[in-house]
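Okay, structure first, notes after.
In the working numbering, the protein residues as written are 69 to 360.
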């Protein structure tokens, strides 16, 4: 896919936009204590109006223009951020990652869904790698930077997870002086390919709704149990349709075992359209009409 536009990133990815996305993703008072039951409900029982707010904020103004640049032409996204040493850098970098990694998941459906994993994920990974190779004192996931600016540990750790999730567990254990109880669960069955679907269906346990450490340990475990799926299939089978891939026999069995959790919900016509786009190297432009 080649570039078909001359998009000026600074006109689209403005400080105001990045701050707005952060406020939408973290709607709680910035420096007060957190109610982790409310956090859990907000993130894992997403109400329709949340997705609608994301759509109104970003589809026409941000997501669609960015989609015209080309997946093979990932720009230098650091150009829209303040210098890494600037106090506002961590918050703005977080907003930019959310624009690329979370917003498409919230708003793209139908034929447009292909852009989530095959386009914007590529951009998000490129940015994340760039951010995490900065000098330690400049990295936006540096807890000390957030704490030195007056953020509580709770507020900082729930933001840090979106930069570099593997760091969450060790920090939480050190802070509360408690070993993550899910370590033993994962060690006992490291190849459980249905653990992710089981956890999602069950939802956060009471411990994850009542305390910071309970929530963070559960969330880290939720991320860990993606690994057996990748090790077995080298992909997430539930993304096959939106990425134009055909199901192998063992992937069909995985979908059966997980009750089709995460299935695209695309129609046969939309699946065929995306597959033809992939096979011909074409990208159907994002439009509101292509939303499922």
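Note that the Cβ used here is the ideal one computed from N, Cα and C, for glycine as well.
Quick caveat: nothing in here was measured; it's all calculated off a predicted structure.
- With a threshold of 16 other beta carbon atoms within 10 Å, residue 215 falls short and is exposed.
- Residue 293: not part of any alpha helix (DSSP H); DSSP gives it neither H nor E.
- In this structure, DSSP gives residue 302 a state outside helix and strand, which the three-state scheme calls coil.
- With fewer than three CB-CB distances shorter than 8 Å, the stretch 168-184 does not count as touching the stretch 97-113.
- By the beta-carbon neighbour count (other beta carbons within 10 angstroms, threshold 16), residue 160 is buried.
- Cβ-Cβ distances below 7 Å link residue 332 to 181, 309, 310 in the same chain, with the five nearest sequence neighbours on each side left out; the list follows chain order.
- A direct Cα-Cα distance of roughly 38 Å separates residue 271 from residue 154.
- CA-CA distance, residue 263 to residue 287, rounds to 13 Å.
- In this model, residue 139 and residue 190 are separated by some 7 Å (Cα to Cα).
- In this structure, residue 81 and residue 164 form a Cβ contact; the two beta carbons are roughly 6 Å apart against a cut-off of 8 Å.
- The beta-carbon separation of residue 167 and residue 92, rounded to 11 Å, does not stay under the 8 Å limit for a contact.
- Its chain contains 297 as the residues whose beta carbon lies nearer than 7 Å to that of residue 304, once the 5 sequence neighbours on both sides are disregarded; these appear in chain order.
- Nearest to residue 89 by alpha-carbon distance, out of 224, 109, 342, 119, is 119.
- Between residue 207 and residue 146, the C-beta gap is not smaller than 8 Å, which leaves the two residues out of contact.
- With fewer than 16 neighbouring CB atoms inside 10 Å of its own CB, residue 274 falls in the exposed class.
- Looking at 266, 358, 354, the one whose alpha-carbon comes closest to that of residue 130 is 354.
- Secondary structure at residue 140: coil, using DSSP grouped into helix, strand and coil.
- DSSP places residue 340 in the uninterrupted alpha helix (DSSP H) bounded by 336-348.
- Residue 126 holds the alpha-carbon nearest to the alpha-carbon of residue 169 among 225, 335, 126, 343.
- Membership of residue 268 in the alpha helix (DSSP H) is indicated by the continuous run 263-270.
- Here residue 266 is exposed. Its C-beta has fewer than 16 other C-beta atoms within 10 Å.
- Put simply, of 338, 141, 343 the residue whose alpha carbon is nearest the alpha carbon of residue 357 is 338.
- Judged by DSSP in its simplified three-state form, residue 82 adopts coil rather than helix or strand.
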